[in-house]
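The structure under discussion appears below in the form of structure tokens.
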Amino acid sequence: MANERVFKRHKNNPIITASAVPRANSIHNSAIVPFEDGYAGIFRVDEVDFNFTMHAGRSKDGINWDIDPGVIKMECDNPDISINAMTYDPRLTKIDDTFYFTWCIDSSNGPCIGLATTKDFKVFQQMENPLPPSNRNCVIFPRKINGEFAMLHRPSDRGHTPFGDVFFSTSPDLVHWGKHRFVFGTLPSSWQSTKIGPGPAPIEIDEGWLLIYHGVWTSCNGYLYYMGGIILDKEKPWKVLHRTKDYLLAPTETYERVGDVPNVVFPSAAVVKDGNIRVYYGCADTCVSIADAKLDEVVKFVREHSY
Ligand code: BMA
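Position one of the sequence shown corresponds to residue 326 (the working numbering), numbered consecutively onward.
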């Protein structure tokens, strides 16, 4: 298949389509983690009434999934935290025995980030929203950095956001976020020239943090979404060490080119096991696919094809 210099697409792609949930119009940008003796996920399900919802799912092998037909119901003891809105693009991070997930809430004040925890993918506890509108992409680091929780996020606007750089923020308690630092921005004349956004939780490697992200280019026919990689400093993750000039994946297959929003690969989960990295990505805002690689080959590629 085209453009497979490091990542190879799975032969069963797309592995999840709308047929997995009775009310689904589409299932795409979703979060997946190892869980118990298999995997668990939070799936973005755009339903037939065009409400965007999140559903939990489980899998033994990470490829064949049982996704709950019902929407995740959050527990929340504070009625001031808005949850009555469309929800989309979850990301998942495990710290100790707790899974933290972030997602976008289409609030009446603009898109903002939600945060919840779960230990079993049955009970979900919603916390204070970590960031105000407008912001559409957020992921938490898998461990504290310099004693604080840390995140990467991408401020946006209320529309389709024709701009966007990635920022780093920290928190002592997952409620109060600050020490905001610019991390990386768009690059002219490239597949990442319009906007960028963090994908799956950063992966700790010897050299620092490997972040898989999406980059967007605006053609005369609209946005195209690509997958890139960047290596950030371990103790100061707002410092960029290497960043892909060549993309890691581009929309080239029919299921990536054709769908509700054409020409989109949107990485939203990464599972590292036995030296391999498996990226789950949304395709054309319609379905979910897998791309596999050796982790050390991805790191080498990012280093060798860097700016
Ligand atoms: C972004 C997000 C993603 C979506 C992408 C392409 O702004 O809303 O959910 O995959 O646009 O439509």
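In this text, a Cβ means the ideal position worked out from N, Cα and C, and glycines have one as well.
{"Query": "Three-state secondary structure assigned by DSSP to Glu-622", "Result": "helix"}
{"Query": "Pick from Lys-504, Ser-631 and Val-346 that is closest to Gly-554, judged by C-alpha positions", "Result": "Ser-631"}
{"Query": "Within 9 angstroms, strictly: CB atoms of Asp-617 and Val-604", "Result": "yes"}
{"Query": "Whether Arg-483 touches Gly-435 by CB criterion (9 angstroms)", "Result": "yes"}
{"Query": "Inter-residue CB distance, Arg-479 and Phe-493 (contact presumed, cutoff 8 angstroms)", "Result": "At roughly 11 angstroms, the Cβ-Cβ gap does not stay under 8 angstroms, so Arg-479 and Phe-493 are not in contact."}
{"Query": "Coarse secondary structure for Asp-459, derived from DSSP in three states", "Result": "Note on identity: in this sequence residue 459 is Ser, with Asp being the wrong assignment. In the structure shown, Ser-459 sits in coil (DSSP, three-state: anything other than H, G, I, E or B)."}
{"Query": "Closest Cα partner of His-485 within the set Leu-549, Asn-409, Ala-345 and Phe-375", "Result": "Leu-549"}
{"Query": "N- and C-terminal bounds of the beta strand (DSSP E) containing Thr-442", "Result": "435-443"}
{"Query": "Exposed unless 16 or more other CB atoms sit within 10 angstroms - verdict on Asp-498", "Result": "exposed"}
{"Query": "Every unbroken beta strand (DSSP E) inside the stretch 537-583 [3 residues or more]", "Result": "547-558 and 565-568"}
{"Query": "Opening and closing residue of the beta strand (DSSP E) in which Gln-450 lies", "Result": "449-451"}
{"Query": "Sequence-distant residues of the same chain with beta carbon closer than 7 angstroms to Asn-337, five excluded per side", "Result": "Ile-388"}
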